[in-house]
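Enquirer:
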Amino acid sequence: MSFVHLHLHTQYSLLDGLIKMEDLVTRVKELGMPGVAVTDHGSMMGVIQFYEKALREGIKPILGCEIYVTPGSRFEKNTGAREEGLFHLILLAENNEGYRNLLKLVSRSHVEGYYYKPRVDRELLREHSKGLIALSSCLQGEVPVTISRSGMKKASQVVEEYKDIFGKDSFFLEIQANGLPEQMKMNEKLVELGKKTGTPVVGTNDCHYLRKEDHPIHDILLCLQTGRKVSEENRMRFETEEFYLKSPEEMEKEFGHVEGALKNTLEIFERCNVTLELGKPRIPDFTPPNGLSTAEYLERIARKGLDKRLKEKEEAGFPLSEERVKEYKERLEYELSVINRMGFAGYFLIVMDFIQYARNRGIPVGPGRGSAAGSLVSYAIGITEVDPLEFGLLFERFLNPDRISLPDIDVDFCKEGRDEVIRYVEEKYGKENVAQICAVGTMQARAAIRDVGRVLDLPYGDVDRMAKLVPQGMDLKTAMETVPQIRDLISRDERARKVFQTALAIEGTCRHASTHAAGVVISNSPITDCVPLLRNSDGDITTQFDMVDVEKAGLVKFDFLGLKTLTIIKYTIELVKKIHGKEIDLKKIPLDDEKVYELLRKGDTKGVFQCESPGFTDLLVRIAPSRFSELIDAIALYRPGPLQSGMVDDYIDRKHGRKKITYFFPQLEPILKDTYGVIVYQEQVMKIAQALAGYSMSEADSLRKAIGKKIASQMAEHEKKFLEGCVKNGIARDKAVALWNTIKGFGEYGFNKSHSAAYAVIAYQTAYLKAYYPVEYLCAILTYESGNTDKLSQYINYCRESGIKILPPDVNESDEVFTVSDGKIRFGLAAIKNVGISAIEAIKEARQEGPFRDLVDFVSRVDLRRVNRRTIESLIKAGAFDTIESSRGRCFAALDEILSTVQREKRKRDERQMDLFGGGGNGGEHRLTIDLSSYPEWTDKERMFYEREALGFYITGHPLEKHLKEIEGLGILTALEVREKRHGASVAVAGVTAEIRERLTRREQERMCTVRLEDLTGSIELVVFPQVYRESEAIIKSGEPYIARGTVEASDRGVKIIVKEIIPVAEGRERLSREIIITIFEEYYTKEKLEKILKLVQEMSGDKELKIRFVSSDDIVVDIDLPDTLTVSPRREFFTRVRSVLGYDAVEIC
3 MSFVHLHLHT QYSLLDGLIK MEDLVTRVKE LGMPGVAVTD HGSMMGVIQF YEKALREGIK
63 PILGCEIYVT PGSRFEKNTG AREEGLFHLI LLAENNEGYR NLLKLVSRSH VEGYYYKPRV
123 DRELLREHSK GLIALSSCLQ GEVPVTISRS GMKKASQVVE EYKDIFGKDS FFLEIQANGL
183 PEQMKMNEKL VELGKKTGTP VVGTNDCHYL RKEDHPIHDI LLCLQTGRKV SEENRMRFET
243 EEFYLKSPEE MEKEFGHVEG ALKNTLEIFE RCNVTLELGK PRIPDFTPPN GLSTAEYLER
303 IARKGLDKRL KEKEEAGFPL SEERVKEYKE RLEYELSVIN RMGFAGYFLI VMDFIQYARN
363 RGIPVGPGRG SAAGSLVSYA IGITEVDPLE FGLLFERFLN PDRISLPDID VDFCKEGRDE
423 VIRYVEEKYG KENVAQICAV GTMQARAAIR DVGRVLDLPY GDVDRMAKLV PQGMDLKTAM
483 ETVPQIRDLI SRDERARKVF QTALAIEGTC RHASTHAAGV VISNSPITDC VPLLRNSDGD
543 ITTQFDMVDV EKAGLVKFDF LGLKTLTIIK YTIELVKKIH GKEIDLKKIP LDDEKVYELL
603 RKGDTKGVFQ CESPGFTDLL VRIAPSRFSE LIDAIALYRP GPLQSGMVDD YIDRKHGRKK
663 ITYFFPQLEP ILKDTYGVIV YQEQVMKIAQ ALAGYSMSEA DSLRKAIGKK IASQMAEHEK
723 KFLEGCVKNG IARDKAVALW NTIKGFGEYG FNKSHSAAYA VIAYQTAYLK AYYPVEYLCA
783 ILTYESGNTD KLSQYINYCR ESGIKILPPD VNESDEVFTV SDGKIRFGLA AIKNVGISAI
843 EAIKEARQEG PFRDLVDFVS RVDLRRVNRR TIESLIKAGA FDTIESSRGR CFAALDEILS
903 TVQREKRKRD ERQMDLFGGG GNGGEHRLTI DLSSYPEWTD KERMFYEREA LGFYITGHPL
963 EKHLKEIEGL GILTALEVRE KRHGASVAVA GVTAEIRERL TRREQERMCT VRLEDLTGSI
1023 ELVVFPQVYR ESEAIIKSGE PYIARGTVEA SDRGVKIIVK EIIPVAEGRE RLSREIIITI
1083 FEEYYTKEKL EKILKLVQEM SGDKELKIRF VSSDDIVVDI DLPDTLTVSP RREFFTRVRS
1143 VLGYDAVEIC
């Protein structure tokens, strides 16, 4: 007996289907079925994956969807439309025309009909019915619902209507084998209705999971969807365990007695034949001027553009020799020949066009991103601003002539202007031909454990501990096999075993759909001709296919990224022009400015693009860059692979002459000279393969890809080719093998130099602006970050440390945003809570008549309909009246009297002005005054509290400042430094409570809390469990600074501290008298480094015990006993210097 399932939900029926595509086709094949349909709820997100995987396994894919049909119009979006209900309907694509109609239907259900669900109506069904087979669906289908509500006669009319829409041979009544009593009764009525109306019946099973035993896991998935717990009685659930992929034999047992029910599945299977043409790009049409072809036009503008670039070099004092000019022109012609031969001229012209639009509109565009910076054509036509020949960048790294794949040009735009550029593209190519790409969020290992634990109603602490046992970035299967603590836990704890096994089953399941951060597709015809559209959880319209599948479907992807640094640069340039009258052209600044490199060498990198993290700052100090190529190198080197491998140390030691620069072979010197003999870049690997093994650049790029992606089969081929090539070029085989092994191990370390060079340009530009215009640059940063209190706090603290004065907001001086005034930065009014744009405009309008003299004058002159009481209170709290009033507290306390007096006086004045016939109302303008001296002052603590309430942080003082000497030398980290610490590290921080959220633990119902602790650099989240909270609640809520000691929890959701102890600042020195641990990781260890550390300990001896911990490459930890005489002082300088030798995580107080 053969049978085909025609109603099935995969994981793309979000949090409703549990089936993954790969598992589906494997199971269908195991059960001996020739094909299967996928019919997700209002979604075709998985169609491409399903199609490819099914064909690969010899299974015929039937492409379908379970759509929602509204009885009214799809355009009705009100309560009535929702209460009318929705009917389910299964649609299957019989042929390619049907597939295209299904794409249109599903897309329009999201774009036009979305109201809680994507809906279609009769009009849409009739418009797009050709080539589709319809099934009446489940108990929520219109036919079953009509039978239940109105009887068989009315249901017959519905059947006839559907047959009229789809054709009498293309509508089937669907009976299901799901075991529900109401379904079994309905099956009988549907069979009877089929006989009465001459409509064929088909058997299905509404599959939501693969095997019967998956039912409990699916039940948990439903709880995740609805936000309920398994233990709740009144919740959505599937009442039987029968919604699984049944075998043909099981379906025979269910429906063998129903005429045609099984045979019709095979008939539909035979009729459904859709062929998708995948991987053939549909490059959008670009129409060049003067009747030129795209190839001719690209050639013309590229040659003209290169001439202009070379002339600019000459004008800047860098003329090129004839030979070098020839090299540029030959490279350009080579690239043009490749681009045109591959048919990609239109792609380059489209990118050039929208970049030109952005620049013409004053929207900053980045100098380049990714491998596109390796193309001279890109540089010549203005797509990039990085000269690939100057920096040794390779075209083949960007576009391999031997591998037909679309070029990938990512473009950074100013964040404020990105959406405008996308709107331009929509207008130019047609809104229906442009769409942003969907991003599908899946359940990660730790999140899956937490979700399952929550649904099972287990104590938060227990579940949290389970989740933390899974190493960051490791999948659950690997963790359960390799982490001893997990193996031990699930062997002895039944609850933990259930959590881990369930989490393993749902890990990787699709959870939600959102908009991809950058991806936009542009087509030469409506997107819905080949890709369905989706309304995601944010309400945005995107493609249903992700970035991989849209390209397989033939659409061409362009990445439009929003980069905040470009916005900050724009603000800075505008400020410099306004204040100094100078126009800055960043394209013309010299790349060898000593002032810029001095700033980088001394680690003054706060606000410098890519360079401001403590780890990167430390790297720059160690490298001490003196030329632009070293900044490029630093950006490439600051990644886990190079940092942990010793490669960074090798580079630095060679650069500073502590280690001799050596090369495997003399031929490598010109390739590796700039990086001191260290292989840093993928491009260097490609050049090595060319120089020593005779590879072409295209072959070398294939080698680069094989190494980077660790493709074993290709690596074996390349090893043979590489060794043979080296030997052929006179290199001894043993040396060739040694070089090959070096290159082979380079995959996780090598970086794309094109990307590094492009981002080094932005880093250099920001460093230049900071070096020459520090006040303007930091003012621009503060303006951009004005909605982020954590960032504002960090930068304001940095300004103070750097001697840049931050002036509080001022009703007479402040603008909406931060401004520069006499070398100081003035706070913007928009950064104050409860002060909106309308209020700011009213204040600016009123002060055009002259500055406000005091609070009474302010209240008298502003429009109190736009500047209300709440706004005035916030202005007082923020210190915006400090220059005209001596006491914030008195102003705040007197505000009621001031408002009532001013309003009374205004009424009197209005009455005098209305007395036109009585001759009254003469006399001069009376100035109202109110004595505030009787009202109470605020204490310093109250002043700071209210200031923070209004601004989100402290500006005229911080409660922690007066305690800094008390905590110096205790190994206290800043909030910013904690974010750089590894998971599980012991830390201590000091600050004040900025926010507290209490909750009860699940099992014991005890109070615990999460606290946002704020210090001078920002804030960090603390998790305080019940025992610690009981002991320290008063300290946490006191408003006074305290020290929190605990361990770091670093996850994809951020960094927090699990608190072990809360200590008043005054007791810190006594209670934090503990040992200091220096951890030496094997990959960092050298004899010279150990000697440096011991010398440093002797220099900075103190009263803390010292322990040295050695961690081997396979994570074996050995603590080394030291003499009692080896003690140290825990000053910040000690920590900084140890980290500069051994890395950031090398030292901590315990």
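The opening residue of the sequence shown carries number 3 in our numbering; numbering runs sequentially from there.
Glycine residues also receive a C-beta, built at the ideal position from the N, C-alpha and C atoms.
Everything numeric in this text was worked out from a predicted model, so none of it was measured.
Output needed for residue 574: all residues of its chain with C-beta closer than 6 Å, excluding positions within five of it in sequence on either side, in chain order.
Expert: 771, 778, 779 and 782
Enquirer: Given a threshold of 16 other Cβ atoms within 10 Å of its Cβ, counted over all protein chains shown, does residue 672 qualify as buried or as exposed?
Expert: exposed
Enquirer: Quick check on the DSSP output: the alpha helix (DSSP H) that includes residue 710 runs from which residue to which?
Expert: 699-711
Enquirer: Taking the straight line between their C-alpha atoms, what separation do you get for residue 651 and residue 768?
Expert: 27 Å
Enquirer: Spatial neighbours of residue 123 within its chain, please: CB distance less than 6 Å, with the 5 preceding and 5 following residues excluded, ordered by chain position.
Expert: 72, 75 and 76
Enquirer: Is residue 921 helix, strand or coil by DSSP?
Expert: For residue 921, the pLDDT reaches just 44, beneath the cut-off of 50, and the residue's location in the model is therefore unreliable, leaving the point undetermined.
Enquirer: Going straight from the alpha carbon of residue 423 to that of residue 356, what length do you get?
Expert: If I take the Cα positions, the gap works out to 7 Å.
Enquirer: Does the separation of the CB atoms of residue 845 and residue 831 fall below 8 Å?
Expert: yes
Enquirer: I believe residue 994 touches residue 1016 by the beta-carbon criterion, under 8 Å. Please report the beta-carbon distance rounded to the nearest angstrom.
Expert: 6 Å
Enquirer: By the DSSP assignment, the alpha helix (DSSP H) with residue 383 in it spans what residues?
Expert: Element bounds for residue 383: n/a, residue is neither H nor E.
Enquirer: Of the choices 988, 360, 1028 and 591, whose alpha-carbon is the least far from that of residue 314?
Expert: 591
Enquirer: Taking C-alpha atoms, which residue in 195, 243, 203 and 237 lies nearest to residue 216?
Expert: 243
Enquirer: May I have the straight-line CA-CA distance separating residue 1137 from residue 1101, to the nearest angstrom?
Expert: 13 Å
Enquirer: Around the C-beta of residue 585, are 16 or more other C-beta atoms found within 10 angstroms, so that it is buried, or is it exposed?
Expert: exposed
Enquirer: Tell me which same chain residues have a C-beta within less than 7 Å of the C-beta of residue 528, skipping the five on either side of it?
Expert: 434 and 435
Enquirer: Hey, could you find the ends of the alpha helix (DSSP H) residue 784 is sitting in?
Expert: 776-786
Enquirer: I'd like the span of the beta strand (DSSP E) that includes residue 1021, first residue to last.
Expert: 1020-1026
Enquirer: What is the rounded straight-line gap between the Cα of residue 382 and the Cα of residue 448?
Expert: 48 Å
Enquirer: Name the one or two DSSP bridge partners that residue 209 has.
Expert: 10
Enquirer: Just the C-alpha distance for residue 456 and residue 505, rounded to the nearest angstrom, thanks.
Expert: 12 Å
Enquirer: Can you check DSSP and say which residues form a bridge with residue 1112?
Expert: Answer is 1082 and 1120, bridged to residue 1112.
Enquirer: Considering Cα atoms alone, identify which of 883, 312, 1077 and 721 is closest to residue 1104.
Expert: 1077
Enquirer: Over what stretch of residues does the alpha helix (DSSP H) that includes residue 109 continue unbroken?
Expert: Under the DSSP assignment, residue 109 falls in the alpha helix (DSSP H) whose first and last residues are 98-113.
Enquirer: Starting from residue 1, trace the alpha helix (DSSP H) in both directions and tell me its first and last residue.
Expert: Here the chain covers residues 3 to 1152 and nothing more, so residue 1 does not appear.
Enquirer: Which of the three DSSP states is assigned to residue 591 in this structure?
Expert: coil
Enquirer: Between which two residues does the beta strand (DSSP E) harbouring residue 339 extend?
Expert: Residue 339 -> not in any beta strand (DSSP E); alpha helix (DSSP H) instead, spanning 324-343.
Enquirer: By how many angstroms is the C-alpha of residue 612 removed from the C-alpha of residue 17?
Expert: Cα-Cα distance, rounded: 38 Å.
Enquirer: Could you tell me the distance, in whole angstroms, from the CA atom of residue 121 to the CA atom of residue 112?
Expert: 7 Å
Enquirer: Taking the alpha-carbon positions, what's the residue 7 to residue 482 distance?
Expert: Distance between the alpha carbons of residue 7 and residue 482 is about 34 Å.
Enquirer: Could you tell me the distance, in whole angstroms, from the CA atom of residue 202 to the CA atom of residue 250?
Expert: 19 Å
Enquirer: Check each candidate in 866, 864, 881 and 495 and name the one with the smallest Cα separation from residue 812.
Expert: In terms of CA proximity to residue 812, 881 leads the group 866, 864, 881 and 495.
Enquirer: Using a Cβ-Cβ cutoff of less than 6 Å, which residues in the same chain neighbour residue 532 once the five nearest sequence positions on both sides are dropped?
Expert: 555 and 556
Enquirer: With a cut-off of 8 Å on the beta carbons, I'd call residue 195 and residue 154 a contact; round off their distance for me.
Expert: 6 Å
Enquirer: Classify residue 174 as helix, strand or coil using the three-state DSSP reduction.
Expert: strand
Enquirer: Would residue 867 be called buried (16 or more neighbouring beta carbons within 10 Å of its own) or exposed?
Expert: exposed
Enquirer: Ordered along the chain, which non-local residues of its own chain (more than five positions away) have a Cβ less than 8 Å from that of residue 257?
Expert: Cβ within range, chain order: 177, 179, 205, 263 and 264.
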